[in-house]
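Engineer:
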Amino acid sequence: MTKKFGAWLRYRRLEKHASQRWLSQQADISWTYLSKVENGVPGFSSPSEKTLRKFAVALKADPDEMITRAGKIPSDVRKVIVDDFSLVKEIRSRKKPSRRRKKGPKESTGGS
């Protein structure tokens, strides 16, 4: 679990004008646990897939997005990958777009 996920979850919760207590009740967890999730407390365990799905339902969010933003793979997708190893190779073969900045045109070094 990362601070990035916690910040995203907080954003989604506040977007729905929901309190931590309300969301924690919807997900059957303590509000202090939710606070730690939102704050990305180091060494703290990530919510289970079941809890993430409850967050998604309560916040009317896409459960798959909720799960993957938490750094997990939805269990049904994990099963498909485990059952078909060729998918692992296919996923690895896809390269992430480079984040390198393109260099601008070289400045001319001659006189005018």
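Residue numbers (my numbering): 14 to 125. Yeah, the Cβ is synthetic: ideal placement off N, Cα and C, and Gly gets one too. Predicted model only: the values in this text are computed from it and were never measured.
#1: Classify Lys29: buried if its beta carbon has 16 or more other beta carbons within 10 angstroms, exposed otherwise.
#2: What does the Cβ neighbour count give for Arg91, buried or exposed, with the cut at 16 atoms within 10 Å?
#3: Going by other Cβ atoms of all chains shown within 10 Å of its Cβ, with 16 needed for buried, is Thr64 buried or exposed?
#4: Look at the Cβ atom of Phe18, then the Cβ atom of Ala71, and state whether they are nearer than 7 Å.
#5: Check Asp96 in the structure and name its three-state DSSP category.
#6: Using DSSP with H/G/I as helix, E/B as strand and the rest coil, what is Glu28?
#7: In the structure shown, what three-state DSSP assignment does Gly19 receive?
#8: Quick one: is Ile104 buried, meaning 16 or more other Cβ sit within 10 Å of its Cβ, or exposed?
#9: By the three-class DSSP mapping on this structure, what secondary structure does Ser43 have?
#10: Mark Leu22 as exposed unless 16 or more other C-beta atoms lie within 10 angstroms of its C-beta, in which case mark it buried.
Structural biologist: Per the coordinate set shown:
#1: Against the sequence shown, residue 29 aligns to sequence position 16. Exposed, by the Cβ-count rule.
#2: As a first step, residue 91 must be located in the sequence shown, where it is residue number 78. Counting Cβ neighbours within 10 Å, Arg91 comes out exposed, since fewer than 16 surround it.
#3: Here residue 64 refers to the residue found at position 51 when the sequence shown is read from its first residue. By the 10 Å Cβ count, Thr64 comes out buried.
#4: In the sequence shown, the residue the question calls residue 18 occupies position 5. In the sequence shown, the residue the question calls residue 71 occupies position 58. Cβ atoms of Phe18 and Ala71: not closer than 7 Å.
#5: Here residue 96 refers to the residue found at position 83 when the sequence shown is read from its first residue. Three-state DSSP puts Asp96 in a helix.
#6: The count along the sequence shown starts at 1 and reaches residue 28 at position 15. Residue state, collapsed to three classes: helix.
#7: What you label residue 19 is simply residue 6 of the sequence shown in a count that begins at 1. Here Gly19 sits in helix by DSSP.
#8: The count along the sequence shown starts at 1 and reaches residue 104 at position 91. Ile104 comes out exposed.
#9: Walking along the sequence shown from the start, residue 43 turns up at place 30. DSSP places Ser43 in coil when its eight states are reduced to three.
#10: Counting from one through the sequence shown, the residue named residue 22 turns up at place 9. Its Cβ being crowded by 16 or more others within 10 Å, Leu22 is buried.
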